[in-house]
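Asks: In the order they appear, the protein sequences are chains A and B.
Each residue of the first sequence is one higher than the one before, starting from 483 at the first, in this note's numbering.
Each residue of the second sequence is one higher than the one before, starting from -2 at the first, in this note's numbering.
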Amino acid sequence: MASKFETPEVRKFPVIPKLENSATSHLSPFKSKEEFQSSLGYPGELVENWQEKAIDKMGDLLGKYRSLRVYLDSCIQCGACTDKCHYYQGTKDPNNMPVGRQNLMRGVYRRYFTLPGKYFPKLVGATDLTKEVLDDWYSYYHQCSQCRRCAVFCPIGIDTAEISMAAREVMDSIGVGQKYCNEIIGKVHKIGNNLGLPEPALADTLEGLEEDVLDDTEVDVKFPLDVKDSEVLLVTPSADFFAEPHVDGLIGYAKVFHQAGISWTLSSHASEAANFGMFIGSYDNMKKLAMRIREAALELNVKRIVFGECGHAWRVAYSFLNTLAGPFDFLDPRYPVPQHICEITNGLIDQNVLHFDKSANDDMTLTYHDSCNVARASSMGGIMGGQFTIPRKIIQTVANNFYDMDDETIREKTYCCGGGGGLLTDDLMELRVKGALPRMEALKHLIEEKGVTHMAAICAICKSQFSKVFQYYDLELDQIVSLHQLVSNALIMNKKEV
Amino acid sequence: MSFVTILYAALFYFAATILFVGLAYRVYEYAKIPAPLKIPTPPAPMTQRGVAIRIFREVVFFESLFSATKWTWLFSWIFHLALLLAALRHLKYFTDPVWFWVSSELVQVAGHYAAYLMLAGLLGLFARRVFVDRVRYISSPSDYLILVLIIAIAGSGLMMKWFPSDILAIKLFFVGLLTFNFSELPSDAVLLIHLSLVIALMIIFPYSKLLHAPGLFFSPTRNQVDNARSKRHVADWAKRMESTK
Ligand code: SF4
Ligand code: SF4
Chain A
483 MASKFETPEV RKFPVIPKLE NSATSHLSPF KSKEEFQSSL GYPGELVENW QEKAIDKMGD
543 LLGKYRSLRV YLDSCIQCGA CTDKCHYYQG TKDPNNMPVG RQNLMRGVYR RYFTLPGKYF
603 PKLVGATDLT KEVLDDWYSY YHQCSQCRRC AVFCPIGIDT AEISMAAREV MDSIGVGQKY
663 CNEIIGKVHK IGNNLGLPEP ALADTLEGLE EDVLDDTEVD VKFPLDVKDS EVLLVTPSAD
723 FFAEPHVDGL IGYAKVFHQA GISWTLSSHA SEAANFGMFI GSYDNMKKLA MRIREAALEL
783 NVKRIVFGEC GHAWRVAYSF LNTLAGPFDF LDPRYPVPQH ICEITNGLID QNVLHFDKSA
843 NDDMTLTYHD SCNVARASSM GGIMGGQFTI PRKIIQTVAN NFYDMDDETI REKTYCCGGG
903 GGLLTDDLME LRVKGALPRM EALKHLIEEK GVTHMAAICA ICKSQFSKVF QYYDLELDQI
963 VSLHQLVSNA LIMNKKEV
Chain B
-2 MSFVTILYAA LFYFAATILF VGLAYRVYEY AKIPAPLKIP TPPAPMTQRG VAIRIFREVV
58 FFESLFSATK WTWLFSWIFH LALLLAALRH LKYFTDPVWF WVSSELVQVA GHYAAYLMLA
118 GLLGLFARRV FVDRVRYISS PSDYLILVLI IAIAGSGLMM KWFPSDILAI KLFFVGLLTF
178 NFSELPSDAV LLIHLSLVIA LMIIFPYSKL LHAPGLFFSP TRNQVDNARS KRHVADWAKR
238 MESTK
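1. Taking the alpha-carbon of A/Gln741 as reference, which of A/His508, A/Ile498, A/Lys486, A/Ser970 has the nearest alpha-carbon?
2. Going by C-alpha distance, which of A/Arg914, A/Arg816, A/Met975 is nearest A/Phe948?
3. Leaving out five residues on either side along the sequence, give the residues of the same chain with a beta carbon under 6 Å from the beta carbon of A/Asn675.
4. Kindly examine ligand 2 and report whether one of its heavy atoms sits closer than 7 Å to the Cβ of A/Gln559.
5. I want to know whether the segment 703 to 718 of chain A touches the segment 774 to 790 of chain A - three or more CB-CB distances under 8 Å.
6. Given the structure, does B/Phe215 come close to ligand 2, in the sense that its CB is under 7 Å from one of the ligand's heavy atoms?
7. In the segment 53 to 79 of chain B, which residue ranges form an unbroken alpha helix (DSSP H) of at least 4 residues, counting only runs that do not cross its ends?
8. Examine the Cβ distances between the segment 65 to 78 of chain B and the segment 642 to 651 of chain A and report whether three or more of them are shorter than 8 Å.
9. Within its chain, find whatever has a CB closer than 8 Å to the CB of A/Asn882; leave out the 5 residues flanking it on each side and keep chain order.
10. Taking only beta-carbon atoms, is B/Lys242 less than 8 Å away from chain A?
11. For the beta strand (DSSP E) that A/Thr849 lies in, which residues bound it at each end?
12. If we cut at 8 Å on Cβ distances, does B/Val231 have a partner in chain A?
13. Under 8 Å, Cβ to Cβ, is there at least one residue of chain B near A/Pro873?
14. What are the boundary residues of the beta strand (DSSP E) that A/Ala938 is part of?
15. Taking the alpha carbon of A/Glu890 as the point to measure from, which residue in A/Arg548, A/Cys567, A/Asp555 has its own alpha carbon closest?
16. Under 6 Å Cβ to Cβ from A/Leu691, same chain only, skipping five residues before and after it: list those, please.
17. What are the complete alpha helix (DSSP H) segments, minimum 4 residues, inside the segment 732 to 761 of chain A?
18. Can at least three beta-carbon pairs, one atom from the segment 597 to 610 of chain A and one from the segment 138 to 145 of chain B, be found at a separation below 8 Å?
19. Looking at C-beta atoms only, is the number of pairs between the segment 217 to 236 of chain B and the segment 570 to 578 of chain A that lie closer than 8 Å three or more?
20. Rounded to a whole number of angstroms, what is the C-alpha to C-alpha distance between A/Thr847 and A/Val934?
21. Tell me whether B/Tyr134 counts as near ligand 1, meaning its Cβ is closer than 7 Å to at least one heavy atom of that ligand.
22. The segment 6 to 35 of chain B: which residues have C-beta closer than 8 Å to a C-beta of chain A, in chain order?
23. List, in order along the chain, the chain B residues whose C-beta lies closer than 8 Å to that of A/Lys546?
24. Are there 16 or more other CB atoms within 10 angstroms of the CB of A/Gln833, so buried, or fewer, so exposed?
25. Below 7 Å, is the gap between the Cβ of A/Ala643 and the nearest heavy atom of ligand 1?
26. Looking at chain B, which residues of the segment 559 to 570 of chain A have a Cβ within less than 9 Å of any of its Cβ atoms?
27. From A/Gln967 to A/Cys626, what does the alpha carbon distance come to, in whole angstroms?
28. Quick one: is A/Glu502 near chain B, going by C-beta distance under 8 Å?
29. Closer than 8 Å, CB to CB, is A/Thr596 near chain B or not?
30. Less than 7 Å separating the Cβ of A/Pro920 from some heavy atom of ligand 2?
31. Anyone know if the C-beta pair for B/Ile30 and A/Tyr622 falls short of 8 Å?
32. Examine ligand 2 and report whether any of its heavy atoms sits within less than 7 Å of the Cβ of B/Phe59.
33. Kindly indicate which three-state DSSP category B/Met(-2) falls into: helix, strand or coil?
34. Use the C-beta contact count for A/Trp746: other C-beta atoms within 10 angstroms, 16 or more gives buried, fewer gives exposed.
35. With 16 as the cutoff for other CB atoms within 10 Å, does A/Ser861 come out buried or exposed?
36. How many angstroms separate the CA atom of B/Gln221 from the CA atom of A/Ile638?
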């Protein structure tokens, strides 16, 4: 590990750090290039009259998003959110305090859109949109994982994610895009998934999985692709096809469907659950990506849509999909659209369809990481708080040893893994390691106290992020597991078919 | 009519116009801008009734602030409570005959002690701005000035205990403003200072962070029902993109 930065110290009793001005002003992700920008309909480089264009775009967004307008107006500068962001805790940079981050845009808003800011800029902290300010925007609006932890604590409910999404959209519109997100979105528009994995390669991979599972379990579990008239269209993050521990989760979903006798299929057209359009605040791109799922569902003539384990994908699915790509009146009206794989498994557990040998997970003592987008931007099971209780219930059904981390770090107060919101890129490694600090502290305490060995998650980004940053905190990369990996380990399969 | 009376009558009409028209316009703007996507934060209510309860708890108890920081919660809750009590006490200057519950001992005495409470809360908030490095960092001059302004309003109001004015005349002046039946305003210095500061507050209200008051009711993370899977939520501007097959 040739890191040019220091991993933050894991503290026994975390205290709020003192400010260090500009501590991470040097962190900016790689900028997008012409080719990635243009495929999304954005200019390839900083346009000439960028200032004017940016202000126009801000005006446009202020008229489209009530959240943006109300939140820029209503902040009391009370400071309640200042210590709530994992990036502030890990970097100590004041611009990573949620309100500090918001003020980068609020200063510009006040200058160009409010009377006091026009006439008394100094008095109200209004600033011109200069090149330096734009650079700060690029840097710090890409140090926000849009996890919404700050919004839970704010007395007005100000959601910094709304502001960083708007900022990214403004920047894209003047040609300042982020490479990681925009390159990926382009791939989905063209090919159908974040990895740019074409249909033959996908088919190949799934075949390989079938063989693996057959070898392992002696059960002929299928991983169908583009099979018309299936009951379920499964939309899952493309990391599930390859990455560890994601793929073990995918095997888990397949076994659940197999055991329950539910016919299902993946789609090569909509082979991606993630919707990075949200990260860049682009309704248009988000809608286009969502429409692929609708098209696939129609094409394959399925009855329901189920999402695999992916945090922000579930946010877009649960909270936006119906709005973006609905109405889904062609699907079976008995089921919500879409459903989460945890809802499926949970339902089957309740109906006594699935049976488990809990001892299969006895080599692990588990805890559960509430992924920020699942916890704070969605629900499950049609009950308040289902997004917290259902995953925990499944874990406790399939495993014997489970403990929760500190109350201040789970459920609606959970900490982001440090890699969400379009920041899961190597050029932001320092930020990712530092941002993981609060979660690492809570996990390490539990390891010490209860001897926890593994942490389960239901988000592709969380899983990738942890398997990368664990090493910086002296943990092993396989200590992060997929929830459906646990299901897969313990599920008792009928072997008669072979 | 004395010059002072005419001046203050004009100023109050002016300030009230700014305050009410300004606020109404803000509320109109907020209401007009769509919230194109569902973004409630947990625990997100699944019914409109649940939303009403949630907002009520935020407005009355500052629930989120409580979970965030106890000191700020304490100071600001005390301050806002005192503000309410003081406002109730001041109703006697605007109602004729005075509503019976406003004239009750309870409201009048509580309203009086509210001034001390208010000062305590405000000084606490001020101290936090000065002494906590994070809050100092985010504070702009206007953040201090607004606190100073309200401290001065509470202070000058309290001073009137020692520099009393003709209460009946003040009341006649204000009732006169409401009924266009003008009457002289006593020209005592402390009273005029107190009133000037209130006028200033009324004028800056719709142009400042005091908009957090209407803002809370329009905050999508707090006022939305969690029903996105069962109900579509398409904003007008997004309808042009509707091309469902
Ligand atoms: S949304 Fe999350 S990452 Fe962004 S400022 Fe708030 S707490 Fe920090
Ligand atoms: S908690 Fe809300 S109102 Fe207070 S400073 Fe943060 S964003 Fe502003």
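Idealized CB from N, CA, C, for every residue including glycine.
Replies: Taking the definition as stated:
1. Measuring from the Cα of A/Gln741, the nearest candidate turns out to be A/Ser970.
2. For A/Phe948, the nearest C-alpha among the options comes from A/Arg914.
3. Within the same chain, A/Asn675 has close Cβ partners Ser720, Ser753, Glu754.
4. Here the distance from the Cβ of A/Gln559 to the nearest heavy atom of ligand 2 is below 7 Å.
5. Contact holds: three or more Cβ-Cβ distances are below 8 Å.
6. Every heavy atom of ligand 2 is 7 Å or more from the Cβ of B/Phe215, so no.
7. Segments of the alpha helix (DSSP H) lying fully in the segment 53 to 79 of chain B: 60 to 65.
8. No: the two stretches stay apart, fewer than three of their Cβ pairs being nearer than 8 Å.
9. Here the set comprises Lys840, Ser841, Asn843, Asp844.
10. With a pLDDT of 49 at B/Lys242, under the threshold of 50, the modelled position of that residue is not reliable, and no figure is offered here.
11. Its beta strand (DSSP E) spans residues 848 to 850.
12. With a threshold of 8 Å between beta carbons, B/Val231 makes contact with chain A.
13. Answer no: the Cβ-Cβ gap between A/Pro873 and chain B never drops below 8 Å.
14. Unbroken beta strand (DSSP E) run through A/Ala938: 936 to 939.
15. Distance check between A/Glu890 and each of A/Arg548, A/Cys567, A/Asp555 places A/Cys567 closest, using alpha-carbon atoms only.
16. If we look at A/Leu691 and ignore the five residues flanking it on each side, its Cβ neighbours are Phe705.
17. Annotation: the segment 732 to 761 of chain A contains no complete segment of the alpha helix (DSSP H) (minimum length 4 residues).
18. Flag = yes, the segment 597 to 610 of chain A and the segment 138 to 145 of chain B touch.
19. Verdict: no, contact absent.
20. A/Thr847 and A/Val934: Cα-Cα distance of roughly 5 Å.
21. Relative to ligand 1, B/Tyr134 has its C-beta separated by 7 Å or more from all heavy atoms.
22. Contact annotation: in the segment 6 to 35 of chain B, residues whose CB is within less than 8 Å of a CB in chain A are Arg23, Glu26, Tyr27, Ile30, Pro31, Ala32, Pro33, Leu34, Lys35.
23. The contacting residues are Ile30, Pro31, Pro33, Ala232, Trp234.
24. Exposed, since its Cβ has fewer than 16 Cβ neighbours within 10 Å.
25. At least one heavy atom of ligand 1 is nearer than 7 Å to the Cβ of A/Ala643, so yes.
26. Listed in sequence order: Gln559, Cys560, Gly561, Ala562, Cys563, Thr564, Asp565, Lys566, Tyr570.
27. In this structure, the CA atom of A/Gln967 is about 30 Å from the CA atom of A/Cys626.
28. No, no contact with chain B.
29. With 8 Å as the cut-off, A/Thr596 counts as an interface residue toward chain B.
30. A/Pro920: no, Cβ never under 7 Å from ligand 2.
31. The beta carbons of B/Ile30 and A/Tyr622 sit no closer together than 8 Å.
32. The answer is no for B/Phe59.
33. Here B/Met(-2) sits in coil by DSSP.
34. Around the CB of A/Trp746, 16 or more other CB atoms lie within 10 Å, so the residue is classed as buried.
35. Counting of Cβ neighbours within 10 angstroms places A/Ser861 among the buried residues, the total reaching 16 or more.
36. Put simply, the backbone Cα of B/Gln221 is about 13 Å away from that of A/Ile638.
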